[in-house]
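All residue numbers for the sequence shown refer to this note's numbering, where the first residue is 10 and numbers rise by one.
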Amino acid sequence: MQKTAVVAVASSWRHPLYQKIVRRSRKFLVHNDIGAKVGDKVVIQEVRPISKNKHRKIIEIIKPNL
């Protein structure tokens, strides 16, 4: 798992009945061939299966962590 990163994708929406903001996050194993570091904001894309659990790839780094 040398070129693998774990990316957390967060989403939020307003509950239709209770009007409370609901936040959920999900973690994906992604192929990291461009060398993204911990804390970087990245764009991921779904690709062909790379391994058993990796089906996404990092396309670009939006905001590097300084």
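C-beta atoms are modelled at their ideal positions from N, C-alpha and C, and glycine is treated no differently. None of the values given here were measured: they were computed from a predicted structure.
*Identify whether Arg57 lies in helix, strand or coil by the three-state DSSP scheme.*
coil
_To the nearest angstrom, how far is the alpha carbon of Ala19 from that of Val39?_
15 angstroms
_I'd like the ranges of any beta strand (DSSP E) spanning at least 3 consecutive residues and lying wholly in the stretch 14-42._
30-40
*In or out: Asn74 buried (at least 16 other Cβ within 10 Å) or exposed?*
exposed
_Once DSSP output is grouped into helix, strand and coil, what is the label at Lys66?_
strand
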